[in-house]
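**Q** If you scroll down you'll find the structure; I have some questions about it.
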Amino acid sequence: EFIDGVKINDEAGIAKMGLASSHVMEETIRFFSSQLFESGFLHCDPHPGNILVRPHPKHPSRAQVVILDHGLYMEPNEDFRRAYADFFKSIILFDAERMADIARAWGVGDVDLFASFQIFKPYNS
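If you want it as structure tokens, here you go:
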């Protein structure tokens, strides 16, 4: 199936379609949060080439986020899901100590770099 849209990091393309980037981010966060914290099935290749944005077919003034390439998923266990939720909470609250504790327990050496990968922008504790 061909899906028309622009990559999620194409700010100009999203704006050209008349879509609000804030709504795109809300939809993206909702989608991945649902995967991790509700369904337990997590898409493991979420780069901009696999995440497209287009006007919603039924509500053209709203964005629809389309996830492509469903070949790599994982089903994290409950302990990981809780730790990952705690990790995100520590990013949001700027709790560098808690963030580092969780990341080190996972074997992550560069906590700020790991946090940057999670939020798709530079993070410095």
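Just so we're aligned, residue 2 is where the sequence shown starts under this note's numbering, counting upward by one. For each residue, glycine too, the CB sits at the ideal point set by N, CA and C. Remember, it's a predicted structure, so these values are computed and weren't measured experimentally.
(1) Consult DSSP for Lys8 and reduce its assignment to one of helix, strand or coil.
(2) For Pro47, name the three-state secondary structure that DSSP assigns.
(3) Which stretch, first to last residue, makes up the beta strand (DSSP E) that contains Gln36?
(4) Let me make sure I understand the geometry here. Which of Asp80, Gly41, Ile52, Asn125 has the alpha-carbon closest to that of Ile103?
(5) Assess contact between the region 14–33 and the region 59–74, defined as three or more Cβ pairs (one per stretch) separated by less than 8 Å. Is contact present?
(6) Comparing alpha-carbon positions, which option in Leu53, Ile93, Phe3 lies nearest Ser117?
(7) Would you call the region 106–117 and the region 68–75 touching, i.e. three or more CB-CB distances under 8 Å?
(8) Pull up the distance between the alpha-carbon of Glu98 and that of Lys122, whole angstroms please.
**A** This is what the structure holds:
(1) Stepping through the sequence shown from its first residue, residue 8 is reached at position 7. Reduced to three states, the DSSP call for Lys8 is strand.
(2) Numbered from its first residue, the sequence shown carries residue 47 at position 46. If DSSP states are grouped into helix, strand and coil, Pro47 belongs with coil.
(3) Residue mapping note: residue 36 aligns to position 35 of the sequence shown, counting from 1. Segment: none, Gln36 is in no beta strand (DSSP E) and carries neither H nor E.
(4) Residue mapping note: residue 103 aligns to position 102 of the sequence shown, counting from 1. A check of alpha carbon separations from Ile103 across Asp80, Gly41, Ile52, Asn125 identifies Asp80 as the nearest.
(5) Segment contact: the region 14–33 against the region 59–74, three or more CB-CB distances shorter than 8 Å; contact assigned.
(6) Locating residue 117 in the sequence shown gives position 116, counting from the first residue. Looking at the Cα atoms, Ile93 is the closest of the given residues.
(7) Segments in contact, no.
(8) On the sequence shown, position 97 is the one that residue 98 refers to. On the sequence shown, position 121 is the one that residue 122 refers to. For the pair Glu98 and Lys122, the Cα-to-Cα distance works out to about 20 Å.
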